[in-house]
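In the order they appear, the protein sequences are chains A and B. Residues 8 to 193 (our numbering) make up the first sequence, in order. Residues 22 to 276 (our numbering) make up the second sequence, in order. Ideal placement from N, C-alpha and C gives every residue a C-beta, glycine not left out. So the structure is just underneath, and the comments pick up after that.
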Amino acid sequence: MLPPTPSQTVGPFYGYALPFAKGGEIAPPGDPRTITLHGHVLDGAGQPIPDALLEFWQAGPDGSRSGAPGSLRRDPTTGAVIGRDGVAFTGFGRVPTDADGHYALRTLPPGGPPYISVCVFARGLLHHLFTRAYLGEPEGDPLLDSLEPRDRKTLIATPERDRVYRFDIRLQGDENHEETVFLAFD
Amino acid sequence: MTSPTQKEISAEIAERRDAYAKAVADGAPRMDHPHRDYPPYRSSVLRHPKRPPVPVRDPEAVELTGPVFGHTDVTEWDNDLTRQHTGEPLGERIIVTGRVIDRNGRPVRGQLVEIWQANAAGRYIHQRDQHPAPLDPNFTGVGRCLTDDEGRYTFITIKPGPYPWRNHDNAWRPSHIHFSLFGTAFTQRLVTQMYFPGDPLFPYDPIMQSVTDDAARQRMVAAYDHDLSKPEWALGYRWDIVLDGPTATVFEEGR
């Protein structure tokens, strides 16, 4: 096995390079099945992180995991990002947190196991972190079943109102708050 | 609060490097990635989890697949950062090329590679970078391309300058290009930085030194390749990237 290239922080200056227009709009516009997943990214002092970048990957509503190109579709004339074509479900989203450390994603519920995979990047974070936002508590999920209830809770998005879920990500816990469970795939 | 001095930061860096060397000598596994908890990089202190990540060994995990990109996502000029404006950017023109492969040496084909960087004077086109170095109206510092069938990528750009930051007193980042890479699985996602050989700032930089393994740190440094240089036009650097993390195929092969 070849040794891998090490990770380095995304730093503070990715903002004009990585985010793209409608990066958080995975759902085709007007699709009645659309859900909103939103929340804050917080540090170990409970402060919101305004320079985090979240990426989302998920199965399509039919359970397909093949994704589709076109998340950052470009205008061949100007080169500008014109965004998704509103037909293909790419399964991929990218959202920078705002000045309040808040993000919002609009997507369709995944078919199959009901979770959206989340990858967290931030200034100060030297190696990205993976977690999952579960839109429910499926029976027999190998990951959820392996966790203590208080840890398990950090992966369950809270239904706030119809089709709106809240999912905060806490990079570091403190005496009053549980740290989000992060995942390793080795 | 006064800023720590470089001497204090360098002492912290040395302390962590020695602790890692001792741990390896005592039988601990080598670390390929940075320590997320690396106090010499002050911003990491409140932004790392205190608990180890939970291993996922589910062969059905969605993360074993990943997003795909195609020629609708990238135009054929996006990999030339010197042609994005009406004039030529200032600085030393360079060619940066290499292969993206997985840990089994298999090429990562048709995947998205994104880069961003400071200009030749060490300034980013970003509101938060206001240090006294000029912006270049002919340089944005953003590029992207798709890897070819051999996993190859190529960028034409300008060698970025080093720049100051506020981690500690008199802190300077070595010249680097930020890279963002996708593999065939979301687990292989990588954001990293490519450095230039022989940069005197390496030992002073807590971000680079957060990779405490000497061999691993060296894998972030490109090689100057004279055969890549083009006469009277540009200098060539080669940098191969190896993506970590399992894929669905690796699981199928019974890893």
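Residue environment, residue i, which counts as buried when at least 16 other CB atoms sit within 10 Å
i, result
"L156 of chain B", "exposed"
"A141 of chain B", "buried"
"S73 of chain A", "exposed"
"T26 of chain B", "exposed"
"W98 of chain B", "exposed"
"G98 of chain A", "buried"
"N188 of chain B", "buried"
"A59 of chain A", "buried"
"V94 of chain A", "exposed"
"T178 of chain B", "buried"
"D39 of chain B", "exposed"
"A35 of chain B", "exposed"
"D53 of chain B", "buried"
"A129 of chain A", "buried"
"A52 of chain A", "exposed"
"R139 of chain A", "buried"
Three-way DSSP call (helix, strand, coil) for residue i in this model
i, result
"R139 of chain A", "strand"
"V212 of chain B", "strand"
"E155 of chain A", "coil"
"P224 of chain B", "helix"
"T165 of chain A", "strand"
"E36 of chain B", "helix"
"G37 of chain A", "coil"
"P185 of chain B", "strand"
"V45 of chain B", "helix"
"V95 of chain B", "coil"
"I146 of chain B", "coil"
"V282 of chain B", "This structure leaves residue 282 of chain B out entirely; chain B is present only between 22 and 276."
"R170 of chain A", "coil"
"R238 of chain B", "helix"
"L167 of chain B", "strand"
"I7 of chain A", "Outside the displayed range of chain A (8 to 193) lies residue 7 of chain A, so it cannot be described from this structure."
"L133 of chain B", "strand"
"A192 of chain B", "strand"
"R276 of chain B", "Legend: pLDDT at R276 of chain B = 39, less than 50; position of this residue unreliable, no value from coordinates given."
Inter-residue spacing [alpha-carbon to alpha-carbon] between residue i and residue j
i, j, result
"P227 of chain B", "V45 of chain B", "20 angstroms"
"Y23 of chain A", "G147 of chain A", "42 angstroms"
"W64 of chain A", "G30 of chain A", "12 angstroms"
"V102 of chain A", "S31 of chain B", "35 angstroms"
"L115 of chain A", "R91 of chain A", "14 angstroms"
"D234 of chain B", "P166 of chain A", "44 angstroms"
"N191 of chain B", "R144 of chain B", "16 angstroms"
"V242 of chain B", "D38 of chain A", "47 angstroms"
"D246 of chain B", "R259 of chain B", "6 angstroms"
"P128 of chain B", "T268 of chain B", "13 angstroms"
"V171 of chain A", "D82 of chain A", "32 angstroms"
"I195 of chain A", "T208 of chain B", "There is no way to answer for residue 195 of chain A, as the model of chain A reaches only from 8 to 193."
"P76 of chain A", "P50 of chain B", "38 angstroms"
"R113 of chain A", "G100 of chain A", "9 angstroms"
"V121 of chain B", "A82 of chain B", "23 angstroms"
"N100 of chain B", "P61 of chain B", "34 angstroms"
"Q151 of chain B", "P57 of chain A", "18 angstroms"
"I176 of chain A", "F192 of chain A", "19 angstroms"
"R80 of chain A", "P35 of chain A", "14 angstroms"
"S250 of chain B", "V17 of chain A", "29 angstroms"
"E144 of chain A", "L150 of chain A", "11 angstroms"
"P195 of chain B", "W254 of chain B", "24 angstroms"
"R159 of chain A", "F174 of chain A", "13 angstroms"
"W186 of chain B", "Q230 of chain B", "16 angstroms"
"D181 of chain A", "R157 of chain A", "14 angstroms"
Residue i - partner residues in DSSP beta bridges
i, result
"I123 of chain A", "A:A140"
"I122 of chain B", "B:P128, B:V263"
"Q138 of chain B", "B:I198"
"L190 of chain A", "A:F137, B:V75"
"Y110 of chain A", "A:G46"
"K251 of chain B", "B:A255"
"W64 of chain A", "A:F99, A:S124"
"T175 of chain B", "B:T118"
"E32 of chain A", "A:R113"
"D101 of chain B", "B:I177"
"L132 of chain A", "L132 of chain A pairs with nothing; no bridge assigned."
"P55 of chain A", "A:L49"
"Y245 of chain B", "B:Y258"
"I176 of chain A", "A:V48"
Under 7 angstroms by beta carbon: chain C residues contacting residue i
i, result
"H135 of chain A", "Included in the structure are the protein chains A and B, with no chain C among them."
* Asked: Do three or more CB pairs link the segment 153 to 167 of chain B to the segment 132 to 141 of chain B at distances below 8 angstroms?
  -> They touch, by the three-pair rule.
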